[in-house]
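In the numbering used here, the protein residues as written are 6 to 109. Beta carbons: idealized from backbone N, C-alpha and C, even for Gly. Predicted, not measured: the structure shown is a model, and the values here were computed from it. What follows is a short report on a single structure.
Printed below as a string of structure tokens:
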């Protein structure tokens, strides 16, 4: 799938025809961050916008490929490094974790 100038590899689940508008669906817990993202099918730079504490995890809101609503779920581990708003990070995900659906 083409997102702006980037190509996102996804599993076509409900796509009627090639070339049609598509919605991509990706679970926040499937997004890999930093060095973990290096082996992923899809790898992009993102800018951290906000961190939201949810007890056992953090929701990291990023700007990725022009999408200001991109969210990943990061386990809350004692002593683990946390991203900082404004920081640029590598994010990635496997193609099988990303679903392509009809936009309508």
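Between residue 96 and residue 51, how many whole angstroms is the CB-CB distance? I'm expecting something under 8 Å.
Within the chain shown, the letter at position 91 stands for residue 96. Within the chain shown, the letter at position 46 stands for residue 51. Yes, residue 96 and residue 51 are in contact; Cβ-Cβ is about 5 Å, under 8 Å.
Answer yes if the segment 79 to 93 comes into contact with the segment 14 to 21, meaning at least three C-beta pairs across the two stretches below 8 Å, and no otherwise.
Remark: fewer than three beta-carbon pairs, one from each stretch, lie closer than 8 Å, so the segment 14 to 21 and the segment 79 to 93 are not flagged as touching.
For the 8 Å Cβ check, are there 3 or more pairs between the segment 32 to 48 and the segment 71 to 86?
yes
Within the same chain, show all residues whose beta-carbon is closer than 7 Å to that of residue 38, passing over the 5 residues directly before and after it, in chain order.
Here the question's residue 38 lines up with position 33 in the chain shown. For residue 38, where only same-chain residues beyond five positions count, the Cβ hits under 7 Å are 77, 79, 94, 96.
Would you decide whether residue 59 is buried or exposed? Buried here means 16 or more other CB atoms lie within 10 Å of its CB.
Walking along the chain shown from the start, residue 59 turns up at place 54. Under this definition residue 59 is an exposed residue.
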